[in-house]
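Visitor: Provided herewith is a single structure, encoded as structure tokens, for subsequent inquiry.
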Amino acid sequence: MFKIIGYKFYMSAPIFELSKRSYSNQKVANLEKIYTGPIGKKIFMLKIMSLTTSLTAILLEIGLVTADVPTAAKIGWSFAGLFTFSTPFLGHIVLRKYVTEMYYDDTNDTYTAVMYTLFATKKYINFTVEDVKHLGVEILSTVRIKGRAMFFDPNHFTDVNHYKRLLGYDKPLNLDIDDLQEDLENLRKAKAEAANKKT
Numbered sequence: 001m002f003k004i005i006g007y008k009f010y011m012s013a014p015i016f017e018l019s020k021r022s023y024s025n026q027k028v029a030n031l032e033k034i035y036t037g038p039i040g041k042k043i044f045m046l047k048i049m050s051l052t053t054s055l056t057a058i059l060l061e062i063g064l065v066t067a068d069v070p071t072a073a074k075i076g077w078s079f080a081g082l083f084t085f086s087t088p089f090l091g092h093i094v095l096r097k098y099v100t101e102m103y104y105d106d107t108n109d110t111y112t113a114v115m116y117t118l119f120a121t122k123k124y125i126n127f128t129v130e131d132v133k134h135l136g137v138e139i140l141s142t143v144r145i146k147g148r149a150m151f152f153d154p155n156h157f158t159d160v161n162h163y164k165r166l167l168g169y170d171k172p173l174n175l176d177i178d179d180l181q182e183d184l185e186n187l188r189k190a191k192a193e194a195a196n197k198k199t
């Protein structure tokens, strides 16, 4: 995959391969990068640091358990080990929705979102505009794609039209007057009932 020329590494494969957890394992070279998350590298480094410190703490704990240490100290280190083991999971729960990169394939009119897994490997999710579900109010989520909540920043798209297309802003606004009048009537009834209850 990599060639060493002098002291530098060069990729001999195309830009990236779709992972086995994705929908195919074919090599992709005709993708246009349309989004780069501003904190993608920081998330990667945070996951690596969290996994490394947890692994180090677990190895130290194994050394303490086998050493000639008082039982109270072993219990204390075991309790502390629970926290060191749980930090990668907590970090993943908070950061799993963040999209680090997004690509567009104009030949198939499909998108590929790149996210990090628990073990800091990239996961590629292929989708079309029809797979995107728009959310009302959900914390740290922009859209839901194939049942998975995703968060991306509109300011970091290279072409804003892709963002508009993903959120459905390119479609005409559908205002049904009958629905609006019905909602207004229900609101008036609710206010009248609340006023009657107060008196």
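Mapped onto the UniProt record's numbering, the consecutive letters of the sequence shown carry residue numbers 1 to 199. Beta carbons are placed, not taken as given, at the ideal position from N, Cα and C, and that holds for glycine.
(1) I'd like to check one pair, Gly81 with Glu61: are the Cβ atoms closer than 8 Å?
(2) Can you give me the start and stop residues for the alpha helix (DSSP H) that Asn161 sits inside?
(3) Excluding sequence positions up to five away, which residues of its chain have a Cβ less than 6 Å from the Cβ of Thr112?
(4) Quick one, are the C-beta atoms of Tyr98 and Phe44 less than 8 Å apart?
(5) Who are Arg144's beta bridge partners in DSSP?
(6) Output yes or no for whether 8 Å exceeds the beta carbon distance between Leu31 and Asp105.
(7) Look up Phe119 in the DSSP assignment and say whether it is helix, strand or coil.
(8) Given a threshold of 16 other Cβ atoms within 10 Å of its Cβ, counted over all protein chains shown, does Phe152 qualify as buried or as exposed?
(9) Select from Phe79, Leu51 and Ser50 the residue whose C-alpha is nearest the C-alpha of Leu64.
(10) Helix, strand or coil for Asn126, going by three-state DSSP, please let me know.
(11) What's the call for Val160, buried or exposed, on a 16-neighbour Cβ count within 10 Å?
(12) Under the rule that 16 or more other beta-carbon atoms within 10 Å means buried, what is Leu166, buried or exposed?
(13) Comparing C-alpha positions only, which one of Asp109, Trp77, Thr52 and Glu185 sits nearest to His162?
(14) Compare the Cα-Cα distances from Thr56 to each of Phe85, Ala72 and Ala67 and report the closest residue.
(15) Using 10 angstroms around the beta-carbon of Gly168, count the other beta-carbons present and answer buried if the total reaches 16, otherwise exposed.
(16) Could you tell me which of Leu187, His156, Lys191 and Lys197 sits nearest to Thr36, measuring between CA atoms?
(17) Buried or exposed: which applies to Pro88, given that a residue is buried once 16 or more other Cβ atoms fall within 10 Å of its Cβ?
(18) Hey, would you say Phe119 sits closer than 8 Å to Leu51, going by beta carbons?
Guide: In short, the structure shows the following:
(1) yes
(2) Val160 to Leu167
(3) Tyr103, Tyr124 and Asn126
(4) no
(5) Lys133 and Ala149
(6) yes
(7) coil
(8) buried
(9) Phe79
(10) strand
(11) exposed
(12) buried
(13) Asp109
(14) Phe85
(15) exposed
(16) His156
(17) buried
(18) yes
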